[in-house]
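In UniProt numbering, the protein residues as written are 1 to 766.
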Amino acid sequence: MPKNGKPKGGRPSRNFEPRYAKKASFHDRHAGGRPGARDERSSAGRDDDRRSYSSDRRADTRPGSRSPKHRGYRAVESGAAAPKRRWSDSERAGRDESRSIRNRAESGRREAPHHRNDRDDRGRDFGGRRFEGRGGRRFEERGERRFDDRPRRDDRPRRDDRGGYDRNDRGERPRFDRGGSGRPQFGGDRPRHGRDDRQGRDDRRGFGAGGERPRFNRDDRSRFDRTERPRFDRDDRGRGGYERRDDRPRFDRTDRPARDERPRYDREDRDRGGYTRRDDRPRRDDRDFSRPNRDDKPRHGRDDKPRHERTERPRYDRDERPARPARENRDDRPSRSDWNRTESVKKHEEHVDVVHERLEAEAVQATEVADVTFADLGLGSNIAETLRNMGAETPFPIQAATIPSILEGRDVLGRGRTGSGKTIAFGAPLVESILKSQAGKRREIGRKPRAIILAPTRELALQIDRTVQPIARSVGLFTTQIYGGVPQARQVGALKKGVDIVIGTPGRIEDLIEQGKLDLSDVRIAVLDEADHMCELGFVEPVQRILRKTADDSQKLLFSATLDREVASLVDEFLDEPAVYEVAGEDQDSGTIDHRVLVIEHRDKADVLTSLVDRDGQTLVFARTRAYAEMLAEQFEDAGVAAVSLHGDLNQAKRTRNLQKLTSGKVQVLVATDVAARGIHVDDIDLVVQADAPDEYKTYLHRSGRTGRAGRSGRVVTLITRHRRRRMEDMLDRAEIEAPFDQAQPGDEVIEEIAGRVPTAAELTA
DNA sequence: TGTGTAC
């Protein structure tokens with residue numbers, strides 16, 4: 001250990017960023033004949049241009065840490081990272097306390113004298129320092145960031161767990177290099193794999209396994225599904241489904257005939273806009289749990305209600321539900337699909353209703369939730385204390401609602417806007433459960449993870465870890481991030497040492513599983529953040545395969561701000577009588593966001609956009625494609641407005657760096673694709689510009705949710721051309737958002753108002 | 001169609 005920690009940790013940065021940068025540059029230099037060469041070069045070229053353009057900015061704020069330079073720079077950077085201290089007294093105390101707590105809790109089980117030793121090793125030799133370093137300073141920062149809007153995320157990048165130890169892993173890499181050249185197959189498959197190359201062929205080489213392991217082999221997959229869990233077999237589902245379907249036609253997707261029976265929605269929609277999906281979410285409640293799939297389809301939205309009723313929608317339709325006697329009937333229940341709204345909530349019906357409503361009223365005013373504490377909800381003192389230090393004094397509604405059920409071991413579906421405390425809502429109880437489950441057990445090196453948290457983007461995975469890690473650490477548990485775009489070595493190294501909670505994205509997780517480097521068989525809690533998104537095309541299968549790798553009876557927690565029918569596919573297979581919670585008003589504009597739509601001429605788009613972003617305050621611009629996002633960022637730079645982009649064509653180092661530039665305030669404008677639509681927290685964004693209107697209401701809600709956070713005001717403006725007006729109206733309607741439409745041309749007053757350069761009429765009167 | 005997840 002010490003070895004590992006020393007050479008590597010001390011010298012090279014523990015941050016992967018610098019490394020990436022370095023590799024990238026190396027890569028650029030050797031990009032010559034490689035497939036991705038052209039892209040890389042052009043990318044690099046742009047980067048250079050920008051750099052020179054805004055060199056000043058960069059220079060001051062970020063002394064070399066980012067720059068791909070060398071040691072010297074790194075020294076500077078390490079200086080920046082220097083704040084990382086070792087364990088602080090309080091942390092150490094916390095660790096000890098947790099240890100004793102764990103032991104006590106485990107009175108029945110063996111005491112495990114090793115326990116302490118193991119941990120000490122970990123803590124001192126590597127985990128200890130780093131953690132502490134990070135912990136000492138970051139705990140607070142995290143808290144601030146998350147709850148107080150402090151933009152400082154600089155830590156983010158380096159903070160990777162055991163980052164410092166990577167170096168060791170690196171040392172091992174060389175021997176794997178042989179595989180380096182042997183992975184032509186990928187290149188062939190992916191025309192744009194250039195970006196991967198950028199990140200560092202070293203890593204890839206390390207895996208070398210390119211030829212050895214056909215990870216993504218389609219055949220393997222199919223084999224997988226069926227053999228592993230026969231019970232989930234489609235056929236089975238179909239069977240089960242039918243039974244249920246009879247009861248509830250709407251949920252079944254296979255149950256198409258049923259739809260025919262309920263054509264009324266379609267018709268209404270058709271009359272309106274034909275293609276509109278409006279019906280899909282007449283009311284939020286329905287939308288979530290009963291709707292067939294996505295909004296696109298105008299399928300029968302089973303309810304007769306005209307959408308206007310939505311405003312009145314009781315969140316869970318509890319009233320509508322036939323009251324069931326609590327969970328005793330579990331066995332009697334027709335199927336899991338009931339999760340929708342019946343039983344799950346029912347079990348806690350009384351309790352839930354009470355708590356839910358009481359808190360709900362406080363949802364907007366988080367500070368009012370004073371009568372309940374995290375301890376009341378069942379969390380241990382260490383965790384409660386950590387949450388307090390993070391800025392979470394009292395539980396938010398969604399937390400108060402879900403924590404008890406999660407601790408109870410139930411599967412849970414939770415809907416709450418990211419930033420409203422959703423991460424803690426599942427993170428804190430998850431840590432508590434894991435802690436209890438292994439109370440008294442020795443923490444072994446190389447132990448298998450006990451929990452896994454899946455997110456759709458790397459940035460979100462990082463963010464989740466920033467919240468969960470301190471909580472876990474407060475009780476002696478370890479987390480690690482497993483996502484792509486960065487070298488595997490560090491991640492694998494962490495797994496070898498043993499981690500309790502894995503947080504990451506599907507791709508890399510599955511990859512490591514197939515490599516035999518990640519074993520989820522001990523995972524007893526699996527969380528899907530942005531669950532509805534994780535159930536979309538392209539995501540759902542990997543997710544299913546991953547979930548199937550977890551312990552058979554593992555607890556599943558699905559969260560999202562727009563949790564809807566889309567998760568039915570997973571719910572049917574993986575959840576058992578899930579409890580369903582949501583907090584009204586948290587999944588969309590909570591009244592603090594001002595929505596506007598500007599109807600413009602296409603030829604004016606560039607000027608209007610530049611005018612909108614040339615302002616004080618941070619602006620997040622959404623573009624539909626990566627290319628357009630990149631183009632807009634350049635356009636803004638050319639116009640003298642510092643801007644960076646965030647999209648999938650950038651290597652992870654750059655993605656991280658660019659996002660960090662926004663959060664740190666170095667740049668005021670970030671142009672992104674929908675990679676930034678969900679979950680990303682940048683507290684000071686006060687304007688969201690949708691250069692391209694989203695295609696579905698959920699995307700609108702997620703994008704607009706990047707502003708107006710924590711009760712502050714925010715503004716969202718969407719640019720459309722006149723022929724898109726109708727679609728836009730329909731979408732807003734589905735999103736239940738009121739937004740005035742204004743015709744606009746460059747220079748118009750309305751643009752000045754939206755940009756905040758001129759007070760609006762409302763602001764003047766106010 | 002594009003976006004994200006991956007080597």
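Even glycine gets a Cβ: it sits at the ideal position worked out from N, Cα and C.
Same chain only: Cβ atoms within 6 Å of residue i, ignoring 5 sequence neighbours per side
{"i": "L609", "result": "A691"}
{"i": "E508", "result": "The sequence given here has Arg at residue 508, not Glu. Result list for R508: I482, Y483, G484, in chain order."}
{"i": "L387", "result": "F374"}
{"i": "V682", "result": "L662, T663"}
{"i": "A735", "result": "Y697, Y700, L701"}
{"i": "V750", "result": "D742, A744"}
{"i": "A755", "result": "L612, R615"}
{"i": "E729", "result": "none"}
{"i": "H602", "result": "T721"}
{"i": "L460", "result": "G679"}
{"i": "V499", "result": "P449, F478, T480"}
{"i": "G708", "result": "T592, I593, G714"}
{"i": "R706", "result": "L620, I685, V688"}
Own chain residues within Cβ distance below 8 Å of residue i, not counting five before or after
{"i": "S713", "result": "T592, I593, D594, D686"}
{"i": "F539", "result": "P456, P506, H533"}
Inter-residue CB distance, residue i and residue j (contact presumed, cutoff 8 Å)
{"i": "T699", "j": "A676", "result": "In fact, because the Cβ distance is near 11 Å, the residues do not count as touching under 8 Å."}
{"i": "L562", "j": "L701", "result": "For the sequence presented, residue 562 should be read as Thr rather than Leu. The Cβ separation is near 6 Å, so the contact holds."}
{"i": "S560", "j": "E530", "result": "5 Å"}
{"i": "V689", "j": "V621", "result": "5 Å"}
{"i": "L454", "j": "I513", "result": "In fact, because the Cβ distance is near 12 Å, the residues do not count as touching under 8 Å."}
{"i": "V669", "j": "A627", "result": "With 8 Å as the limit, V669 and A627 do not qualify as a contact, their Cβ atoms being about 18 Å apart."}
{"i": "V716", "j": "L598", "result": "That pair is no contact at about 11 Å."}
{"i": "A579", "j": "S405", "result": "4 Å"}
Close-in-space but distant-in-sequence residues of the same chain around residue i (CB under 7 Å, 5 per side omitted)
{"i": "A629", "result": "A623, S645, H647, V671, A672, T673"}
{"i": "E753", "result": "T760"}
{"i": "I398", "result": "G414, G416, S420, G421, K422, A425, Y581, V583, E586"}
{"i": "Q635", "result": "A606, T610"}
{"i": "R50", "result": "With a pLDDT of only 38 at R50, under 50, the local geometry of the prediction cannot be trusted, and the value read off the model is given with reservation. Closer than 7 Å at the Cβ level, and outside the excluded window around R50, lie E637."}
{"i": "L407", "result": "G378, P429, E432, S433"}
{"i": "A633", "result": "A643, V644, S645, V671"}
{"i": "R757", "result": "R615"}
{"i": "R727", "result": "none"}
Beta-ladder partner(s) of residue i, from DSSP
{"i": "I600", "result": "T721"}
{"i": "G504", "result": "L454, I482"}
{"i": "H670", "result": "In the sequence on display, residue 670 carries Leu and not His. Bridge partners of L670: L620, V644."}
{"i": "R490", "result": "Partner(s): none; R490 has no beta bridge."}
{"i": "A472", "result": "DSSP lists no partner for A472."}
{"i": "I593", "result": "G714"}
{"i": "Y581", "result": "G414"}
{"i": "V689", "result": "V621, V717"}
{"i": "Q743", "result": "V599"}
Any 3 or more C-beta pairs closer than 8 Å across the stretch 462–481 and the stretch 556–568: Fewer than three Cβ pairs drawn from the stretch 462–481 and the stretch 556–568 lie within less than 8 Å of each other, which leaves the two stretches out of contact.
Touching by the beta-carbon criterion (3+ pairs, under 8 Å), the stretch 560–573 and the stretch 396–414: Between the stretch 560–573 and the stretch 396–414, the count of C-beta pairs closer than 8 Å reaches three or more; the two stretches touch.
Three or more C-beta pairs below 8 Å linking the stretch 501–520 and the stretch 472–492: Under the 8 Å Cβ criterion, the stretch 501–520 counts as touching the stretch 472–492, having at least three qualifying pairs.
Every unbroken beta strand (DSSP E) inside the stretch 614–661 [3 residues or more]: Runs found: 618–622, 643–646.
Any 3 or more C-beta pairs closer than 8 Å across the stretch 375–389 and the stretch 422–431: Yes, the stretch 375–389 is in contact with the stretch 422–431.
Those runs of the beta strand (DSSP E) which lie wholly inside the stretch 421–469 and span at least 3 residues: Complete beta strand (DSSP E) runs here, min 3: 451–454.
Stretch pair the stretch 559–568 + the stretch 531–549: three plus CB contacts closer than 8 Å: The stretch 559–568 is in contact with the stretch 531–549.
Stretch-stretch touch, CB-based, cutoff 8 Å, three pairs: the stretch 509–528 with the stretch 439–457: Cβ pair count under 8 Å is three or more, so yes.
Three-pair Cβ contact test at 8 Å for the stretch 510–519 versus the stretch 432–444: When Cβ pairs closer than 8 Å are counted between the two stretches, the stretch 510–519 is seen not to touch the stretch 432–444, the count staying below three.
Ordered list of beta strand (DSSP E) runs contained in the stretch 518–578, each at least 3 residues: When DSSP assignments are scanned along the stretch 518–578, the uninterrupted stretches of beta strand (DSSP E) that are 3 or more residues long and fall wholly within it turn out to be 525–529, 555–560.
Complete runs of the alpha helix (DSSP H) confined to the UniProt domain "DEAD-box RNA helicase Q" (372–400) [at least 4 residues]: Qualifying alpha helix (DSSP H) stretches, in chain order: 381–390.
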